[in-house]
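Encoded as structure tokens, the structure appears first; notes follow it.
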Amino acid sequence: MKETTLKNILLTEIENTQGWISKGQLFLLSEQNGFSPENGGRRLRELESEGKIQVSYYQGKKGQRLARYAKIGEEKPQKVKVVLREISGEIVAVIV
120 MKETTLKNIL
130 LTEIENTQGW
140 ISKGQLFLLS
150 EQNGFSPENG
160 GRRLRELESE
170 GKIQVSYYQG
180 KKGQRLARYA
190 KIGEEKPQKV
200 KVVLREISGE
210 IVAVIV
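Those letters in the sequence shown? Residues 120 to 215, per our numbering, in order.
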């Protein structure tokens, strides 16, 4: 049986989640288990450098660089632009 370490907690959460998880959600998980968010960030970087998880960086609303994590093999999220257009008198959201 695996030892209960922050690294194992984070790895288990990522492996059991479909899709991508934001770094903020994983920081919250770290805090809920009695660890600091900074420690969670270090463990996530270790897991990524060991090739156990993958990371994707994206631009936040205020221009900051944010990270999200997923298990190996998960497809990278695609950037989608949604535009509101008027079609036949109705406002419709269109993916461009």
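By construction, the Cβ of each residue, glycine as well, lies at the ideal position given by its N, Cα and C atoms.
Please read these numbers as outputs of a predicted model, since none were measured by experiment.
From residue i to residue j, what distance separates their C-alpha atoms?
i           : j           : result
residue 161 : residue 139 : 18 Å
residue 185 : residue 143 : 9 Å
residue 124 : residue 196 : 29 Å
residue 175 : residue 203 : 28 Å
residue 183 : residue 189 : 20 Å
residue 181 : residue 169 : 31 Å
Whose C-beta lies closer than 8 Å to the C-beta of residue i among residues of the same chain, with five residues either side of it excluded?
i           : result
residue 148 : 128, 129, 132 and 159
residue 171 : 130 and 191
residue 199 : 214
Between which residues of its own chain and residue i is the CB-CB distance below 7 Å, once the five residues before and five after are set aside?
i           : result
residue 210 : 203
residue 212 : 201 and 203
Between the options, which lies nearest to residue i when the distance is taken from Cα to Cα?
i           : options               : result
residue 193 : 164, 173, 177 and 157 : 173
residue 134 : 166, 198 and 212      : 166
How far does the alpha helix (DSSP H) with residue i in it extend, from its first residue to its last?
i           : result
residue 133 : 125-134
residue 144 : 142-151
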